[in-house]
Each structure stands twice: as structure tokens, then as C-alpha cells.
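Quick look at the structure:
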């Protein structure tokens, strides 16, 4: 065999070996699925494909940063990761931008190409610190469907032989398959991500389904309690079972706390009640000793019906929050239902009371008393409590309920009939002994003081005298009404009883128009002459000091002669003599009635 033939045979053998390496390398890298493993395998086999190379790295284009970033490397330090080139910067950027591979067979060629492509000083420092002086380099683009996605570059650190165009074509063939392997790995990663997202979505839907089922079960259970018309305490007990939380409750209508085992301090209750007036959504109330309460207000329109109160010893779970919110709705509905029942009961009591007043005989009264748990032969007194009206009658309605709760507590041992209408409460109390109601005035005075300490609306209370048997209820009611009228005309917000208003008992029997006519007839002439109003003031002082000339003059800071002159003018104007007992009594009574039984407008007239 000639030398030429031997050379051809060696070349064929080498080419076959290179093709075998290329095929095996391609088979290996395309069999991998995880991107990091694929990239590392690519660089390892790149050195097999071009065995004269000593080191290399692979860069992929980052769309967000708009530059090539090293993803894997062999025989380079981690510092190489900072070598990030833009398209057309340095050798790597130019190969990526043009899509044409290049090779260099000397350090000078490499550096000339770097400078020619305007490598940044930072990138130049990084690459020089990251490698020994390269003696040759081979760089090819990585493409997918003709679109460049990155580059591979190999370095000869020690010169073995010159790189050739055949090496470039051979390495480019490898790089073309690298793009396929990377794309396959990326698709696989995307598929895994989608599978993961689908799994997470499935878990989320399953969790949501579980929560919805739990919520439905809770809703169904609480609705069942509502349909069964269970009490507030039963509903609260069910909520405690469902949440395993101690739940207190504040009833705003009756102004009562049901605390379970919370033991809420008194000052905390007061502050929570104040905040309920302004907060319609759940809020936290924290004490100085780090105790913390979550308050769930219960509202109907703008009226606070009450609240649930939960001591927060740990974070309340989402499930329990949902349960508490549903519980708040059910409690609100039950409170409104109870309120409607109370309204109906109150109306029946009111109707029965008026039936007793209008009852034709004792037998009818006895029948109604039996149904009301009253004893016909007891001793009775009747009270009418009137609250000062405000623009917000819904608020007054709530205060009425709260005061009724106080009355029930105060008179828990007595037989009673109790109802309300608008801004008034009527209370009929029956006791077996006449001495048991002698302190009624004092009792209401204490209640009034306690009530007003809480900055609640003013009220006045009119109390009848005491009579035996329920047949006297008509008289009791009339006396209380007359006493209330007495407080009205005097504009007094206090407590008084019929037996304490003295002469006014007689006056109150007279129709208001008749009183006004009497006043006008007796002192009308004196009143209408406004320029002589000092005469009316003189007359009032004269009667106030029991017709004493010395005391009256001293009070008015005038001489006694001046007083005599004024009195003389009054007598002439009214055509009376104040020295006559009958005339003096009529004029004094007219003045008294004017001051005590006319409204401010009527007084001016």
C-alpha cells in the first residue's frame, strides 16, 4: 500500500471515529430531559467532539435582560457567570447576531476580534480573570428553527493544532442538534410546570370544594336551628361546638352580656359598647395585659342589635371565620324574629290593659287577671315613664327595651303588667301588702340616676296613688296621666307621684282651654300691655312674699311708696282690690296657673 493510500485510510478512520463520537454525543444529549442536566451534558460532549479543546462554556440569550448569559461551563471558575454580552459585543455577541460560527488560531486573533466588537471593560476584565491565555477558540451559534437562542465556545489553552473549517462545520453540526435538545428539555420543563400547576389547581379546587361543603354544612345546621326557632343561647352553643372557641354575646336591645367563660372586665364592656355605635365590621379590642377580643357586630340597617365577642388566644382559622360570619347572620335574623315576637306580645298586653280599664264587671276583670298572672285583690300602683324624644326613634326603641330590662330586674318578685308605646312605658305593679310600694318614688330616683350615668336619654316618671283591687286600674291610669301632664306643663324631667302634687290634683281636672280662659279673664289686661310688664313682675313678687310690703319692696329694690303706687295701678287696671280676700285669691290663682300651666308661647300671648 502506498503512502498516499495509507494517509487516506488514516483520514477515513479518523473521520469515522469523529462521526461515531458526534452520533453518540447527539444520542446522549437528546436522551436527557431536565434542562440543567442537558446543558451540562452538552458541554461535556462538546469537548469530546473537538478533543483538541481544553475548556468551554455555553450561553443562552435572556429576553428580559437582552444579553447572553453563561448557563454552564467546563474548566472555568464561577466568575465566568458575570461575563454577559449583548448582541454584537465581543466574539460571542457577534456569532449570536450573525448566526455564523468563527474560529481563531492565536491569542492575538482572539483579542483583536474582542476589541473589534467593542467588548465592554467589565466583560473584558471578567473573561481575562476567568481563564488562562487561550491559544485558539471556536465559537458557533445555537439555533432552533433558524432562530438563534445562544452560543457555544471552546478554548485551546495549550496549542495542539490549528483549528480548521472542517472543525467549524463539525462543531456546527453538533450545535444544531444541541438546539433541538435544549428545546426538547425546555418543552419538558414547561410540561412539568403545567402538570405542577394543574396539580396545584386540582388541590386548590379540592380544598375549595371541601371548604364550600363545610360552609354548606354549617349553613344548613344553623338554618335548621333558625327554622326550629331555637334560642340565642342554643345558637351560640352550636357555634362554640363548630369552632371550639369560647363565644360571648352582647344583647344591645336589653343591654345584657352573656359571657360564657370569657370574664370580660366591666370597663372593657363599656368601651366595646361605645365602639359598636361606630363600627359595623368585625374589629379587634386589645387590653393592656395583652388579652385580645374579636368583636363581630350584629346590625340591622343602622341599628346595632348586639355582637359576638371571641377572645383571640391564637389566630382564628379561615374556616372558623366563615362559620362566625354565618353565625352572625343567623343570630341577626333570630334577634329580629325575637323582636317581632316581643312587639306582638307587647301589643297584646297593651290591648288587654285597656280591656281591663273598659271591663263591664268584676268577673271580666278576674278572667283577664288570671291570664296575666295578676291577683285581683292585690294593692296596685301605676307608673308611666316617658323618655325625651330624639330625631332617631329607632334608638329610643332600643333604649325602651334596655329600660324594660332594668324594670324586670328591679321588680322581679312583684306581679306586674308592663308594656310600651312610642316613647312611653306603662308599669302596673301589684303586691299583697300596702307597705311594699311605699318606696316606689325612691326606687325610680335611683334608677334614673343609674340610667343617666350611662349618658342615656332623659326620662320622667309619673306615679299614681295606691289602691286595692284591680278594679281601680282606671283610676290609677288617670292619676298617672294627670301627674304626667303636670310634669309636662312644668317641663320637668323628674320623678313625682299624684299624692305629691297637692292643689294641682284639682287643677289638672280642668280642661286646658278653660284654664287659659280663666287666666285671660283675671289678668289678661295686665299681660297684654307689654310696656307695663314690670307691673306683672311686681304682682308675682307681692304674692311670693305673702303680700308683705317690706319684703316685696326690698326684693324689687324699690321704695315702699313706689310699690304702693304700682299695686294701686294694678288694682285699677284689673278692677279688683287686693285687700279683699276673694279678689286677691283669684288674682293669685291666675298668676300661679299662668306660670305653671301655660306653654312658653301661651305665656307670651
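Residue numbers (the numbering used here): 805 to 1409.
Even for Gly, the Cβ is constructed at its ideal location relative to N, Cα and C.
Handout entry: Per-residue DSSP class, three states only, for residue 1272
Key = strand
Practice task
Look up residue 1400 in the DSSP assignment and say whether it is helix, strand or coil.
Solution key: helix
Handout entry: Length of the line joining the Cα atoms of residue 819 and residue 915
Key = Caution applies to residue 819, whose pLDDT of 46 falls short of 50 and renders its modelled position unreliable; the value that the coordinates give is listed next. Rounded to the nearest angstrom, the two C-alpha atoms are 31 Å apart.
Problem - Where the alpha helix (DSSP H) through residue 1355 begins and ends - result: 1353-1360
Handout entry: Straight-line Cα distance separating residue 861 from residue 887
Key = 11 Å
Handout entry: residue 1030 vs residue 1138 beta-carbon contact at 9 Å
Key = yes
Handout entry: Spatial neighbours of residue 1397 in its chain, beta-carbon cut-off 6 Å, leaving aside the 5 residues before and after
Key = 1319, 1323
Exercise for the section: May I have the straight-line CA-CA distance separating residue 1381 from residue 1293, to the nearest angstrom? Expected result: 30 Å
Problem - Cutoff 6 Å; reference residue 1077; Cβ partners in own chain excluding five residues on either side - result: none
Exercise for the section: Check whether the Cβ atoms of residue 1060 and residue 1209 sit closer than 9 Å, and answer yes or no. Expected result: yes
Handout entry: Secondary structure of residue 1307, DSSP reduced to three states
Key = coil
Practice task
Report the rounded CA-to-CA distance for residue 1345 versus residue 1285, giving the unit in angstroms.
Solution key: 32 Å
Problem - N- and C-terminal bounds of the beta strand (DSSP E) containing residue 945 - result: 940-948
Practice task
Whole angstroms is fine: what's the gap from residue 1170's alpha carbon to residue 1180's?
Solution key: 6 Å
Practice task
Identify which residue in 1378, 1401, 1365 has its Cα closest to the Cα of residue 1317.
Solution key: 1401
Practice task
Since I believe residue 935 is in contact with residue 959 (beta carbons under 8 Å), could you give me their beta-carbon distance rounded to a whole number of angstroms?
Solution key: 6 Å
Handout entry: Rounded C-alpha distance that separates residue 970 from residue 981
Key = 17 Å
Exercise for the section: Taking all protein chains shown into account, decide if residue 1280 is buried (16 or more other Cβ within 10 angstroms of its Cβ) or exposed. Expected result: buried
Handout entry: Through-space distance from residue 1146 to residue 1216, alpha-carbon basis
Key = 18 Å
Practice task
Find out if the Cβ-Cβ distance for the pair residue 1054, residue 1083 is shorter than 9 Å.
Solution key: no
Exercise for the section: Using the DSSP secondary-structure output, state which residues sit across from residue 1145 in a beta bridge. Expected result: Residue 1145 is not bridged to any residue.
Problem - DSSP three-state assignment for residue 1119, whether helix, strand or coil - result: coil
Exercise for the section: Output the distance between the C-alpha atoms of residue 1050 and residue 1093, rounded to the nearest integer angstrom. Expected result: 19 Å
Practice task
Would you identify the three-state DSSP class for residue 859, choosing helix, strand or coil?
Solution key: strand
Handout entry: Short Cβ contact (9 Å threshold) for residue 1191 with residue 1178
Key = no
Problem - Start and end residues, beta strand (DSSP E) containing residue 1096 - result: 1096-1104
Practice task
Take every Cβ of the segment 909-923, pair it with every Cβ of the segment 892-899, and state whether three or more of those distances are shorter than 8 Å.
Solution key: yes
Handout entry: Euclidean distance between Cα positions of residue 1200 and residue 1235
Key = 30 Å
Practice task
Would you mind sorting residue 1038 into buried or exposed? The rule is 16 or more other CB atoms within 10 Å of its CB.
Solution key: exposed
Problem - Candidates 902, 1249, 1247, 1307, of which the one nearest residue 953 by Cα - result: 902
Exercise for the section: State the beta-bridge partners of residue 952 as determined by DSSP. Expected result: 947
Practice task
Using only alpha-carbon positions, find the residue among 867, 1089, 865, 875 that is nearest to residue 845.
Solution key: 875
Practice task
Can you have a look at residue 945 and say buried or exposed, based on whether 16 or more other CB atoms are within 10 angstroms of its CB?
Solution key: buried
Handout entry: The alpha helix (DSSP H) enclosing residue 933, as first and last residue numbers
Key = 925-934
Practice task
Please determine, among 1052, 1130, 1150, the residue with the shortest C-alpha to C-alpha distance to residue 1116.
Solution key: 1052
Problem - Cβ-based neighbour list, residue 1327, same chain, cut-off 6 Å, excluding 5 preceding and 5 following - result: 1394
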